[in-house]
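Take a look at the structure below.
Numbering (the numbering used here), first residue to last: 1 to 892.
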């Protein structure tokens, strides 16, 4: 804790006979921090963090005063060192992080250091939730068969993670089949107020974290400040490095009124996402306030907080209030913790609504909840909201404008051996999945009630729809069963397939062969409807081109309708046994009916029971045997391999040099996502990664997904920029990871071209447009870029997490200044690029780019390095954040 207390605000409070030390914000205001009572709640959390860690070095009195000065303008360009209390990981990003830690132990030994020094210094929880795939569905044994298949595929990874849990201090693993990391965090790990024993004193302070998944923000609904970072940045946080950040702008989002009948929390969050994307909140905090919060459950708030990455904000925060206390009790938290949360929040003037005056915000916007209507978002971006009543017309528009298929809108393809055909707009995947909604009993039980009502009217799911139910925790099964609604979902094909993140991350599993064949025969624009948060191109399933986000009840409704070409508000969703039309309004449960079922079915005992032995795991997990040891005995594995990041590394820094005669690996347009860049989803047999695996004796049936192989750099670097829908403008009209090798102009996979350039000794650059790196916190989007030999990514703007990750891997993120872009400069990909100014670079320093054309002419442009802080510069100069930490550890 703090070695200094410049504002004399260290105090004590007693709760149930326990004494807690804390840093009192009202006292700090009295003692010189004028105006901090007007700060947004989120900045009060940051202020407390600085007060608690003031040491005169990483945190100074001036840093603390800078937070107070923020109130004057709502902005600041001051850099602070923020230390979250803990780190959360899921296994896709967690495996490579643990791989890096294991590799750092090896490298530390080689550099003459103590491998024990490479150890998490803050608590780390890794939840294995991203590996289950929907191979089996629609049957009572789907869950059991999917779990068996999961362990068959991932035994090597799970053995490695189990070793990590025993080898590293402060590192716990929640085994597979427990739930999605964000829901486990919300229901069990998160405490709202954290405590820590140090030198005989128990300190109380706000629960804070960073997570290796962008949807870490879901915990903001529980008044826990947390956000997603790349695995690289999370590893540094684990190893005691502060998160270097500028004091953020905070946008206040005022909610008034209450949701109308028929509208769900999902409809609300899709509306909020659309509004905030239009507002522009990338890199900013968003904080919700207003009397509308009185009419939202904490699960509703968590739904909104979850989708912060979709609206571009760092976080979407809800303050502590009575609903927070109710939720902590309802999920089985210890009563003494709930009392501490209430007392602490009230003492710090952080309890809503006791704080009567509205905080100062950088900017605000407002939504009357009564204006929310049933909605979807798609076909490929979460912010592209469309009202359900307009969805059929909207799909017709994108069929014409996006897919150029309007002239064949009525085409049907006969499904072999069946008595039906499918066409453009038919829904082939309907999935209740993802952390966004499966934490929320109102929409989950609402889906069950809709299923029950549909069955009573004789409705069925269309036979071409692949249905699945993947709850975020085992508690969901408990309350669905107690309400008697799991049977109704089962009857419509929404059987349990697993507890984890499935369809939303591309683990939808293959379509039935006959359906897949028909889709490909007709080059159909098939659709998915999922209760997730991501619907980017190529993400859900390689056979599905249009993806729509929706609430769980709407997922069931669209499974029954079987198509997007239907107006579910005004057209019949189906016909009963008497061939009479049934409309969605006839089967949609009322808000009162849903609320009554929630009250009866969801109990604290369910949460207490399910989380009593949360780290124990099932029989599969308990039978995994691991060998102990400080360092890992790397096996010959296609899942886990010792990465080359530290090869040839010395204790001395080899600083970055200016780039000369670089070739261009890719030219990309706006909104290139980390899904486009990072390997994700299925591995194609004829891809560089597929060929590598087959050369290692792995059959295509056993490829698993890219995400499951994130611990093997050989697979991942071959899949970087290899998304089936990525469009490299160097090869116009072609989709997929293809480029042109220069100067011969030969088309080839991006990986092959990169290896050829490396053999030639050529540095590489990548060009992008606006919002480069949108999406999940995929560290391999940066790691793969580095291993392909890319020295700099030059774009019009960057999404926050990917920019940070590039720096963390020693790749320079550079942005055009003024109105320049690669298009305006006439870049085609055949040019050579010089970058001057990387040597001796300063934060946000200028870099001069020279474009050398094939005819001998040149153009220059001024770029700005988006290396924003001195800490980030240290990481870049060292060749990456892990190299920086490793040199520190080796010298210790």
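Built from N, CA and C at the ideal position, the CB exists for glycine as well.
Secondary structure of residue 726, DSSP reduced to three states:
Numbered from its first residue, the chain shown carries residue 726 at position 726. Three-state result, residue 726: coil.
Out of curiosity, what's the CA-to-CA distance linking residue 178 and residue 406?
To locate residue 178, count along the chain shown from 1; it is residue 178. To locate residue 406, count along the chain shown from 1; it is residue 406. Straight-line Cα distance between these residues: approximately 45 Å.
So what does DSSP say about residue 690, is it helix, strand or coil?
Residue 690 sits at position 690 when you count from the first residue of the chain shown. Residue 690 falls in the helix class under three-state DSSP.
If contacts are defined as beta-carbon pairs under 8 Å, then residue 790 and residue 766 qualify, I think. What distance do you get, rounded to the angstrom?
Indexing the chain shown from 1 puts residue 790 at position 790. Indexing the chain shown from 1 puts residue 766 at position 766. The pair is a contact, with the Cβ atoms about 5 Å apart (cut-off 8 Å).
Would you call the stretch 868-887 and the stretch 224-239 touching, i.e. three or more CB-CB distances under 8 Å?
The stretch 868-887 is in contact with the stretch 224-239.
Reducing DSSP to helix, strand and coil, say where residue 125 ends up.
Working through the chain shown from its first residue, we reach residue 125 at position 125. Residue state, collapsed to three classes: strand.
Between the CA atoms of residue 342 and residue 18 - distance to the nearest angstrom
Mapped onto the chain shown, residue 18 falls at position 18. Mapped onto the chain shown, residue 342 falls at position 342. When rounded, the distance between both Cα atoms is 15 Å.
Is it the case that the stretch 95-110 contacts the stretch 468-480, given that we only count it when at least three CB pairs across the two stretches are under 8 Å?
no
Could you tell me the alpha carbon to alpha carbon distance between residue 803 and residue 650, rounded to whole angstroms?
Here residue 803 is taken as the residue at index 803 of the chain shown, counted from 1. Here residue 650 is taken as the residue at index 650 of the chain shown, counted from 1. Going from the Cα of residue 803 to the Cα of residue 650 covers about 26 Å.
Please work out which residues of its chain come closer than 7 Å, Cβ to Cβ, to residue 509, disregarding the five sequence neighbours upstream and downstream, and give them in chain order.
Here residue 509 corresponds to residue number 509 of the chain shown, with the count starting at 1. These residues qualify, in order along the chain: 133, 134 and 135.
Could you round the C-beta distance between residue 48 and residue 33 to whole angstroms and report it? I think they count as a contact, below 8 Å.
Your numbering for residue 48 matches position 48 in the chain shown. Your numbering for residue 33 matches position 33 in the chain shown. About 11 Å separates the two Cβ atoms, so there is no contact after all.
Report yes or no: do three or more beta-carbon pairs, one from the stretch 711-718 and one from the stretch 781-788, lie closer than 8 Å?
A contact is defined here as three or more CB-CB pairs under 8 Å, and the stretch 711-718 meets this definition with respect to the stretch 781-788.
Is the beta carbon of residue 399 less than 8 Å from the beta carbon of residue 525?
Taking the chain shown and counting its residues from 1, one reaches residue 399 at position 399. Taking the chain shown and counting its residues from 1, one reaches residue 525 at position 525. Yes. Within cutoff.
Can you tell me whether DSSP reads residue 315 as helix, strand or coil?
Reading the chain shown from its first residue, position 315 is the one you call residue 315. Strand at residue 315.
Which complete alpha helix (DSSP H) runs does the stretch 759-809 hold, if anything under 4 residues is left out?
779-787 and 800-808
Span of the alpha helix (DSSP H) around residue 274:
Indexing the chain shown from 1 puts residue 274 at position 274. Note, residue 274: alpha helix (DSSP H), 265-279.
Between the stretch 465-477 and the stretch 498-505, can you find at least three pairs of beta-carbon atoms closer than 8 Å?
yes
Could you give the distance in angstroms between the alpha-carbon of residue 8 and the alpha-carbon of residue 203?
Walking along the chain shown from the start, residue 8 turns up at place 8. Walking along the chain shown from the start, residue 203 turns up at place 203. Between residue 8 and residue 203, the C-alpha separation is close to 16 Å.
For residue 44, the nearest candidate out of 224, 142 and 93 (CA to CA)
For the purposes of this step, residue 44 is taken as residue 44 along the chain shown, with counting starting at 1. That would be 224, whose Cα lies nearest to the Cα of residue 44.
Whose CA, out of 675, 320 and 708, lies closest to the CA of residue 150?
Translated into positions along the chain shown, residue 150 becomes position 150. Residue 150 has its Cα closest to that of 708, out of 675, 320 and 708.
For residue 574, does the count of other Cβ atoms within 10 angstroms reach 16, so buried, or fall short, so exposed?
Taking the chain shown and counting its residues from 1, the one referred to as residue 574 is at position 574. Under this definition residue 574 is a buried residue.
Residue 320 - partner residues in DSSP beta bridges
Locating residue 320 in the chain shown gives position 320, where the first residue counts as 1. Residue 320 pairs with 351.
Close Cβ partners of residue 870 (< 8 Å) along its chain, the five nearest in sequence each way excluded
Walking along the chain shown from the start, residue 870 turns up at place 870. Short of 8 Å from the beta carbon of residue 870, and not among the five residues preceding or following it, lie these beta carbons of its own chain, in chain order: 79, 244 and 843.
On the CB-based measure, 16 or more other CB atoms within 10 Å of its CB, does residue 317 come out buried or exposed?
As a first step, residue 317 is located in the chain shown; it is residue number 317 there, counting from the start. Its Cβ being crowded by 16 or more others within 10 Å, residue 317 is buried.
Apart from the five residues just before and just after residue 655, which ones in its own chain have a Cβ nearer than 8 Å to its Cβ?
As a first step, residue 655 is located in the chain shown; it is residue number 655 there, counting from the start. 839 and 877, listed in sequence order.
For residue 813, which three-state DSSP category applies?
Against the chain shown, residue 813 aligns to sequence position 813. In this structure, residue 813 counts as strand in the three-state DSSP scheme.
For residue 50, which option in 813, 15, 4 and 93 has the closest C-alpha, if you only look at C-alpha atoms?
As a working note, residue 50 is residue 50 in the chain shown. For the set 813, 15, 4 and 93, the Cα lying nearest the Cα of residue 50 is the one of 4.
With a threshold of 16 other CB atoms inside 10 Å of the CB of residue 420, please say whether the residue is buried or exposed.
As a position in the chain shown, residue 420 is number 420, starting the count at 1. Residue 420 comes out exposed.
Would you give the residue range spanned by the beta strand (DSSP E) that residue 857 belongs to?
For the purposes of this step, residue 857 is taken as the residue at position 857 of the chain shown. Run containing residue 857: none; DSSP gives neither H nor E here.
What's the call for residue 166, buried or exposed, on a 16-neighbour Cβ count within 10 Å?
To locate residue 166, count along the chain shown from 1; it is residue 166. Residue 166 should be labelled exposed.
Where residue 121 falls, given that 16 or more other Cβ within 10 Å makes a residue buried
To locate residue 121, count along the chain shown from 1; it is residue 121. Looking at its Cβ environment, which holds fewer than 16 other Cβ atoms inside 10 Å, residue 121 is exposed.
CA-CA distance, residue 337 and residue 322?
Indexing the chain shown from 1 puts residue 337 at position 337. Indexing the chain shown from 1 puts residue 322 at position 322. Their backbone Cα atoms lie some 14 Å apart in a straight line.
CB-CB under 6 Å to residue 276, same chain, minus the five flanking residues each way: which ones, in chain order?
What you label residue 276 is simply residue 276 of the chain shown in a count that begins at 1. Result list for residue 276: 311, in chain order.
Considering only their Cβ atoms, is the gap separating residue 157 from residue 639 smaller than 8 Å?
Here residue 639 refers to the residue found at position 639 of the chain shown. Here residue 157 refers to the residue found at position 157 of the chain shown. Annotated as proximal: residue 639 and residue 157, with beta-carbon spacing under 8 Å.
To which residues of the same chain is residue 875 closer than 7 Å at the C-beta, ignoring the five residues directly before and after it?
Numbered from its first residue, the chain shown carries residue 875 at position 875. Once the five neighbours on either side are set aside, the close Cβ partners of residue 875 are 807, 808, 881 and 884.
Here's a check: name, in chain order, each residue in its chain whose Cβ is nearer than 6 Å to the Cβ of residue 305, leaving out the five neighbours to either side.
Against the chain shown, residue 305 aligns to sequence position 305. So the list reads 217, 218, 220, 221 and 316, once near-sequence residues are dropped.
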